[in-house]
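In what follows, a single structure is set out as structure tokens and then discussed.
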Amino acid sequence: MLTITDLEKVYPTGDKALQGVSMEVDGNEVVSIIGPSGAGKSTLIKCVNRLTEPTSGSIVLDGEELTTLSKKELRKTRRDMGMIFQEFNLIERLTVMENVLSGRLGYMSSWNAFRRNFDDEDVQNAYEILDRVGVGGMENKRVDELSGGQRQRVGIARAILQRPKILLVDEPTSALDPETSFEVMEMLTEIAREEDIPVLINIHEVELALDYTDRIVGLTDGQVVFNGTPAELDESARDTIYRSGKSRAETGTEDQSQSQSQSSSSEITDASKEKSF
Amino acid sequence: MGSADPERTGGYPSSWERPTVFYSKNVKYLVYGAIGLFVLWSAWELRPSPARLIGGADAAASLLTTMFPPDFTPEARGRIWDGMIESIAMSIVATAIGVLISIPIAVMAAENLVPRPVYYVGRSLVSISRSLHELVLAIVAVVAVGLGPLAGVIALVIATPGFFAKLMAEELEDIDEGQADAIRALGGSPVQVLLYGVAPQVIPRMIGLIIYRWDINIRASTIVGIVGAGGIGVTLLNSFDRYEYDFSLAIILAIIAVVMFGEILSAVARRRVQ
Amino acid sequence: MSYEGSTTWRKHDGRARALRYLAIVVAIAITALSWRALDIQYTFVVDAPRNLGDLLLRMYPPNLAYGAEILPPLVETINIAILGTGLAILISLPIAYIGAENTTPNAVTYALGKFLIVGTRSVNVIIWALFFVVIFGTGALSGVLAVAFRSIGFVSKLIAEGIEEIDAGQVEAIRAMGGSPLDVVVYGIVPQIKPAFVGVATYRWDINVREATVIGFVGAGGIGVYLDTAINFFQWSNVLTILIAILGIVIISEVVSAYLRKKVS
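Residue numbers (this note's numbering), protein chains in the order written: chain A, 3 to 279; chain B, 6 to 279; chain C, 1089 to 1353.
In structure tokens form, the structure reads like this:
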């Protein structure tokens, strides 16, 4: 179980990305974070495994405080958090198998890692997972030969092979076409359920959040403005999440419902005025 | 990963081998091992005797102490100036003549413009010119025409097609054939095709390449003197022979300055042309 | 270009045209001045082609028997190139690391890296050879060091560029999985710079074979020593044999290097 309390992140530039975020991820639920670009979604996810160092606040995973871990302890704890990235972040020039097995790096000595000397059991599991995510038989292909959807499947396989206690997922579909996005989301949530692990997923498309997640957290300007089930995310809740003129202006290209853009159009102009000063 | 159905056989393979560019893992290790042994053996062959190493330390110490400070007295500056002017003049003359010789060779080495046999002759000339280091050409030129800048100019002229004609030929091969065909269609002779259909397309690039080659020729012109082919290199070798290492350092610093200046000048000029 | 008010067609407008002629005139003038500065007697120039021809006639035919004798120095030349390139790479790795914008610790180290890159590149191999022969005496060791120092700038510059192009996401992924700093290097960085690295190494080796043919002129080993000796003793057919041999190894190394680069890309 993941508990985040009063998390703040101020970047060296002075940007306040997170302003006192508190939330929980329980049992094996799939929680999505939605919100306009620049709302701090990515920062929040990356603070959990401390790819980004939070400024203050607390993050507790299964009773362990993450924000105060030493470097060595952090490496050990990161094994418990599988991460799936927006741009896949696979090692492009290595084979699919090496990429999946790299999920075990945290458990191996660097010497064995260097020699690609993986445990028999890990190799067996890797084959099995590759099959499950639908890229079986591709283990000897180099990742740069794969399509975007296939890459993200390998990314999921890599994270699952970590045997994590939680999956952190950062915009898994924004580099994919709509159809592939649904397939990938479907598979991701299904595997998480099979593995009985919770998922914290930050997502751009509200539709995907509604279809595939148990609970939705709305983030605006680094603050939690909504926390409820997909059913509770009504029109007014959406407005609350996306109303901030500043963020709307930044996400002008985003495909939102028409009523929203009309209701917030005046704020957009206000925001752009602010920016020009 | 056999073709057997994993569900039915009840399991997945428990070992995996990374595919390699070699035929198998063993061949890979054999190749790496052979390379390692070869390097060790060559390094062993080179080992200096302990006496040499100790002597070397002394030599290095005396070299470094005499080198500093570099000798920039007015007399030394005068000799550097004379040598440097000769080097720069050599580079300019050699570039001019070298380019004139390279242009027909470039046409010969352009696959799309000439018949096969001519193309092979052109490519061979380019290859020979490219393969021989300026200093090899210089040492032969010195034997043929005697010590002095003429040998240096000849060496640089012969070295020029290897670079200039090669890149020029690549430019010629990249031209828009349509424009050349248009002139052919009008009944133009091969020379007219070159002048009106080809030349206008490549002249800006050619000027860039001339400047680039001049930049390279400056570098070469500062060292061909080491085999007696004129320029500042002669001065440098003399200073080494006379153990005037402080003067050597001054010359080397001057060479670095001129080379860098040439590089900057060439970069700026090329940017303006293109 | 504007068409109005113009009844005659001109290739360029006047100013550009004048500038163009001016540039040509200046270029010719500078060349002529340079020629005067060289102070070469015309009789020498007129005789030059004949002298070159005479020399070639004296050289022909090549001494094939001598071919076997020069095999060891040819191998030494290639070895000098290999070891010099290897040494250059070892020295270049830290320089590339501090000379790459994204890995250099601070502005001072960055400047130092750039200085080393530019500095070593501007000194020709033969000058390095002169130095090392003074220190280590004649022989291939001086040659290896000369070739290595000459290559540092080139190799570090290209490796630094390779490092600058690294995709940070792949590094981040390894860290996110709990990989150690060593894992990050082995999985996150090495695969990404490997092609650039192999490309640079083989390309530079190819150049260095050429460089290693001349360092013998100042006693730093390789085939150059034999060429120098053959010339000093007027053994013309041996000279031609050596020239052909040099041509051969340079072309072979070029082919090998091109093949290797193609294979790793």
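Ideal Cβ placement from N, Cα and C applies to all residues, glycine included.
Here the structure is a predicted model, which means the values were calculated and not measured.
- Residue environment for residue 27(B): exposed (fewer than 16 other C-beta atoms within 10 angstroms of its C-beta).
- Within chain C, 1266, 1268 have C-beta atoms less than 7 angstroms from the C-beta of residue 77(A), given in sequence order.
- The Cβ atoms of residue 231(B) and residue 260(B) do not sit closer than 8 angstroms to each other.
- Using a 10 angstroms sphere on the CB of residue 1238(C), the tally of other CB atoms reaches 16 or more, which defines it as buried.
- At least one CB atom of chain B sits nearer than 8 angstroms to the CB of residue 126(A).
- Residue nearest to residue 84(A) within the set 217(A), 238(A), 194(A), 124(A) is 194(A) (criterion: CA-CA distance).
- The contact set of residue 16(B) on chain A, defined by CB atoms closer than 8 angstroms, consists of 126 in chain order.
- For residue 172(A), DSSP records a beta bridge to 204(A).
- According to the DSSP assignment, residue 224(B) belongs to no beta strand (DSSP E) but to the alpha helix (DSSP H) extending over 204 to 226.
- By alpha-carbon distance to residue 1337(C), the top candidate from 1163(C), 1139(C), 1318(C) is 1163(C).
- Collapsing the DSSP output to three states places residue 90(A) in coil.
- Residue 82(B) and residue 75(B) have their C-alpha atoms some 11 angstroms from each other.
- Annotated as proximal: residue 146(B) and residue 156(B), with beta-carbon spacing under 8 angstroms.
- Contact annotation for residue 91(B) against chain C: 1125, 1126, 1127 [CB-CB distance below 9 angstroms, chain order].
- Taking all protein chains shown into account, residue 100(A) has 16 or more neighbouring C-beta atoms within 10 Å of its C-beta and is therefore buried.
- Using a C-beta cut-off of 8 angstroms, the stretch 192 to 207 of chain A makes contact with the stretch 33 to 47 of chain A, since at least three inter-stretch Cβ pairs fall below that distance.
- When C-beta atoms of the stretch 110 to 117 of chain B are compared with those of the stretch 172 to 181 of chain B, three or more pairs fall below 8 angstroms, so the two segments count as touching.
- Leaving aside the five residues that flank residue 141(A) on each side, the residues in its chain whose CB is nearer than 8 angstroms to its CB run, in chain order, 97, 98, 99, 102, 128, 129, 132.
- Taking 8 angstroms as the CB threshold, residue 158(A) stays off the interface with chain C.
- Straight through space, the alpha carbons of residue 62(B) and residue 119(B) are spaced by roughly 59 angstroms.
- Take residue 215(B), set aside five residues on each side of it, and the residues of its chain with a beta-carbon closer than 7 angstroms to its own are 100, 104, in chain order.
- Ranked by how close their Cα comes to the Cα of residue 17(B), the residues 186(A), 163(A), 126(A), 236(A) have 126(A) in first place.
- Residue 229(A) carries a strand assignment under DSSP once its states are collapsed to helix, strand and coil.
- Taking 8 angstroms as the CB threshold, residue 1282(C) lines the interface with chain A.
- DSSP, read as helix, strand or coil, puts residue 18(A) in strand.
- Take residue 189(B), set aside five residues on each side of it, and the residues of its chain with a beta-carbon closer than 8 angstroms to its own are 198, 202, in chain order.
- According to the DSSP assignment, residue 5(A) belongs to the beta strand (DSSP E) that extends over 4 to 12.
- When rounded, the separation of the alpha-carbon atoms in residue 206(B) and residue 167(B) is 22 angstroms.
- DSSP places residue 118(A) outside both helix and strand once states are collapsed to three, so it counts as coil.
- Interface flag for residue 1155(C) against chain B is unset, since no Cβ pair is found closer than 8 angstroms.
- Residue 95(A) is not bridged by DSSP to any residue.
- Residue contact check for residue 1193(C) against chain A: no CB pair falls below 8 angstroms.
- Here the C-alpha atom of residue 1153(C) lies approximately 12 angstroms from the C-alpha atom of residue 1330(C).
- Unbroken alpha helix (DSSP H) stretches of 4 residues or longer found wholly inside the stretch 1124 to 1182 of chain C: 1130 to 1147, 1152 to 1157, given in chain order.
- Bounds of any beta strand (DSSP E) do not take in residue 237(B); it lies within the alpha helix (DSSP H) bounded by 237 to 246.
- Within the stretch 1275 to 1330 of chain C, the complete alpha helix (DSSP H) segments at least 4 residues long are 1278 to 1300, 1311 to 1320, listed from N- to C-terminus.
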